[in-house]
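So that you can map any letter, position 397 of the sequence shown is 397 in UniProt numbering, and since no number is skipped, the others follow by simple counting. Below is one structure; the comments refer to it alone.
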Amino acid sequence: MHKDIMPRQAPATPGLENPGRRQILLGSASAMAAVTLLGFTPLARAEEPKSLPDYAAWKERNALIVHSANTMETQRDAIGQGVITPSDRLFIRNNLPTPPEAIVEDRDAWEVQIEGVKNPGPITIGELKKLGVETVASVLQCSGNGRAFFPHGAGGTQWSVGAAGCVAWTGVPLKDVVEAMGGPADGAEYITSTGGEELPEGLDPKQATVERSVPMRAMDQALLAWGMNDEPLPLTHGGPLRMVIPGYYGVNNVKYVQKVALTEAQTDVKIQASSYRVRDVGVKGSPDQPSMWEMNVKSWVTSPLETAGKGRTMIYGVALGGTVALDKIEVSLDGGENWQQARFLGPDLGPFAWRPFVLAADLSPGEYRVVSKATDADGNSQPEGRTDNERGYGHNGWSDHGVTLVVS
Ligand SMILES: Nc1nc2c(c(=O)[nH]1)N[C@H]1C(S)=C(S)[C@@H](COP(=O)(O)O)O[C@H]1N2
Ligand SMILES: [Mo]
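Quick look at the structure:
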């Protein structure tokens with residue numbers, strides 16, 4: 001979403017300094033899963049009975065919190081210190097049942113319909129591969145990542161920090177495809193992508209189809225991707241072909257894409273018209289409210305999460321700037337009273353990628369509230385609190401995202 005659309009900012013709620021305690025009070029199974037991320041890892045992992053569904057059986061079970069058969073997030077301590085998230089640790093979010101394996105049997109034969117160009121028509125992946133190729137690293141993050149921290153009980157998967165990862169996508173820039181098909185038709189304002197799921201019987205296409213519109217300014221970075229982390233794009237993550245809009249929230253990255261249209265208006269399907277709209281708590285979604293498009297600046301600590309031995313400790317985390325490159329990352333060991341500049345770790349894979357960071361801290365025994373705050377190159381910084389909104393979207397407040405560390 002636009003960084004300027006969240007005007008009201010709730011203060012960080014006193015007494016919620018330790019989100020782990022709050023999650024326990026909520027008492028639900030998903031709250032327990034969120035606790036896992038906040039420090040009680042072995043217990044929560046042992047108690048979580050769900051196994052991985054078949055389509056995700058290749059994933060690293062211990063790296064994931066299984067919220068449901070359609071929603072799995074990466075454990076906070078499994079995010080690691082790398083610039084790219086290993087595919088078998090990346091979160092999953094499906095609105096509909098995954099299409100059959102058959103759609104990735106002959107990948108190059110997959111057809112995507114291109115509309116809203118001067119010469120519309122179908123094009124296969126085999127043909128797309130001859131039009132151009134680029135590899136772009138970008139953060140894939142669900143709009144509701146951080147939803148578990150909202151005190152009003154925002155509906156939807158109770159994601160903590162792990163509905164996010166950084167992926168190297170390989171594919172053809174959408175602008176090369178549009179150019180090859182004669183350029184945009186007159187009046188094109190949006191890029192509208194349609195998912196390739198067959199709808200279960202009885203579902204109304206207007207209610208259930210995954211179809212998302214993003215503004216034409218995203219044409220600069222949009223990619224039709226067939227590869228992920230140097231491998232053919234897994235079916236689980238949208239193979240054989242996915243629309244990737246670097247810097248935009250997850251939902252805009254339409255999996256198994258079967259149609260891309262340059263359109264005058266946004267699609268009127270539910271997932272665009274009323275879902276993924278930012279509005280006050282208690283208000284219904286509607287097309288006049290801001291849509292979840294560009295991601296905001298955000299960071300969180302990934303290690304250590306609970307305890308550390310006294311002396312030198314390396315504090316790790318990740319930071320992202322959405323569509324804007326990062327400028328700096330700061331870490332506080334006392335809940336935001338004093339800040340120290342941390343250091344980005346590893347190669348810079350461009351403005352859409354996240355950057356791991358590290359701070360070397362010399363810690364004496366005691367309790368520390370460790371929080372991180374990223375600032376992008378435009379000067380946007382993470383707020384302290386959260387902007388309450390009905391569905392718990394776009395949370396980037398630094399206070400809620402901190403961890404309490406006991407050093408002995
Ligand atoms: N076709 C299709 N595309 C989709 C979805 C979906 O259910 N179907 N889910 C969206 C949402 S809400 C998110 S957060 C991301 C999740 O991508 P992943 O499952 O590869 O992690 O895909 C997006 N694209
Ligand atoms: Mo999402």
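For glycine and all other residues, C-beta sits at the position ideal for the given N, C-alpha and C.
So for K59, helix, strand or coil by DSSP? Numbered from 1 along the sequence shown, position 59 holds the residue referred to as residue 59. It is coil, neither helix nor strand.
Along the alpha helix (DSSP H) that carries I271, what are the first and last residues, could you check? Taking the sequence shown and counting its residues from 1, one reaches residue 271 at position 271. Its alpha helix (DSSP H) spans residues 270–273.
Which same chain residues, not among the five before or five after D376, have their C-beta less than 8 Å away from its C-beta? Position 376 of the sequence shown holds residue 376. Same-chain partners within the cutoff: V297, G321, G322, V324, A325, L326, D327.
Starting from T372, follow its DSSP beta bridges and name the residues at the other end. By 1-based counting over the sequence shown, the position of residue 372 is 372. The residue you asked about is not Thr; residue 372 is Ser in the sequence shown. DSSP, once it has assigned bridges, lists V331 as partnering S372.
Output the distance between the C-alpha atoms of S28 and E115, rounded to the nearest integer angstrom. To locate residue 28, count along the sequence shown from 1; it is residue 28. To locate residue 115, count along the sequence shown from 1; it is residue 115. Annotation note: pLDDT 40 at S28 (below 50); position unreliable, no value reported.
Under the three-state reduction of DSSP, which class applies to A342: helix, strand or coil? Counting from 1 along the sequence shown, the entry for residue 342 is found at position 342. Annotated three-state conformation of A342 is coil, per DSSP.
Counting along the chain, where does the beta strand (DSSP E) carrying L128 start and finish? Counted from its first residue, the sequence shown places residue 128 at position 128. Here L128 belongs to no beta strand (DSSP E); instead the alpha helix (DSSP H) covers 125–131.
Could you pull out every residue in the same chain whose Cβ sits closer than 7 Å to the Cβ of N229, ignoring the five residues on either side in sequence? Here the question's residue 229 lines up with position 229 in the sequence shown. Correct list, in chain order: I84, S87, V167, A168.
Go ahead and label A78 buried or exposed: buried means 16 or more other beta carbons lie within 10 angstroms of its beta carbon, across all protein chains shown. In the sequence shown, residue 78 corresponds to position 78, counting from 1. Buried, because 16 or more other Cβ atoms sit within 10 Å of the Cβ of A78.
From A218 to M295, what distance separates their C-alpha atoms? On the sequence shown, residue 218 is found 218 positions in, with the first residue counted as 1. On the sequence shown, residue 295 is found 295 positions in, with the first residue counted as 1. Taking the straight line joining both Cα atoms gives about 12 Å.
Beta-carbon within less than 7 Å of Q81's beta-carbon, same chain only, minus the 5 sequence neighbours each way: which residues are those? One-based indexing of the sequence shown puts residue 81 at position 81. Hits under 7 Å: Y316, L345, P356.
Can at least three beta-carbon pairs, one atom from the stretch 205–224 and one from the stretch 248–260, be found at a separation below 8 Å? yes
Closest by CA to P173, which one among Q382, N389, I245? Position 173 of the sequence shown, counted from the first residue, corresponds to residue 173. Residue I245 holds the alpha-carbon nearest to the alpha-carbon of P173 among Q382, N389, I245.
Buried versus exposed, by CB contacts within 10 Å (16 or more), R22: For this step, residue 22 is matched to residue 22 along the sequence shown. In this prediction, R22 scores a pLDDT of 35, lower than 50, which makes its location untrustworthy; the coordinate-derived value is nonetheless stated afterwards. Buried, by the Cβ-count rule.
Does D400 come out as helix, strand or coil in the three-state DSSP assignment? To locate residue 400, count along the sequence shown from 1; it is residue 400. If DSSP states are grouped into helix, strand and coil, D400 belongs with coil.
Could you check whether F352 and V178 sit closer than 8 Å to each other, using their CB atoms as the reference points? Position 178 of the sequence shown, counting from 1, holds the residue named residue 178. Position 352 of the sequence shown, counting from 1, holds the residue named residue 352. Not closer than 8 Å, so no.
Excluding the five sequence neighbours on either side, which residues of its own chain have a C-beta within less than 8 Å of the C-beta of L52, listed in chain order? If you number the sequence shown from 1, residue 52 lands on position 52. K59, R61, L64, V66, M72.
DSSP state of V214 mapped onto helix, strand, coil: For the purposes of this step, residue 214 is taken as residue 214 along the sequence shown, with counting starting at 1. In the structure shown, V214 sits in a strand (DSSP, three-state: E or B).
Every unbroken beta strand (DSSP E) inside the stretch 278–314 [3 residues or more]: DSSP runs (the beta strand (DSSP E)) wholly in the stretch 278–314: 298–303.
Go through its chain and collect everything with a Cβ distance to S381's Cβ below 8 Å, but skip five positions before and after it. As a position in the sequence shown, residue 381 is number 381, starting the count at 1. V297, K373, A374, T375, listed in sequence order.
Enumerate, from N- to C-terminal direction, the unbroken beta strand (DSSP E) stretches of 3 or more residues contained entirely within the stretch 172–243. 190–195, 211–215, 223–228
Return the first residue and the last residue of the beta strand (DSSP E) that K259 is part of. Translated into positions along the sequence shown, residue 259 becomes position 259. Unbroken beta strand (DSSP E) run through K259: 257–263.
Examine ligand 3 and report whether any of its heavy atoms sits within less than 7 Å of the Cβ of N253. Although ligand 3 was asked about, the structure shown includes only ligand 1 and ligand 2 as ligands.
For a test of the three-state rule: what should DSSP assign to S68, helix, strand or coil? Counted from its first residue, the sequence shown places residue 68 at position 68. When secondary structure is reduced to three states using DSSP, S68 falls in the strand class.
Nearest to T313 (by Cα), restricted to the options A273, D280, S364, G336: Position 313 of the sequence shown, counting from 1, holds the residue named residue 313. Among A273, D280, S364, G336, the Cα nearest to that of T313 is on S364.
Looking at D395: is its Cβ nearer than 8 Å to the Cβ of V371? Within the sequence shown, the letter at position 395 stands for residue 395. Within the sequence shown, the letter at position 371 stands for residue 371. The residue asked about is misnamed: residue 395 is His in this sequence, not Asp. Annotated as distal: H395 and V371, with beta-carbon spacing of 8 Å or more.
Assign G162 to buried or exposed, taking buried as 16 or more other Cβ atoms, counted over all protein chains shown, within 10 Å of its Cβ. Within the sequence shown, the letter at position 162 stands for residue 162. Buried: at least 16 other Cβ atoms inside 10 Å.
Could you check if R93 belongs to the surroundings of ligand 1, using beta carbon to heavy atom distance under 7 Å? As a first step, residue 93 is located in the sequence shown; it is residue number 93 there, counting from the start. Flag set: Cβ of R93 near ligand 1.
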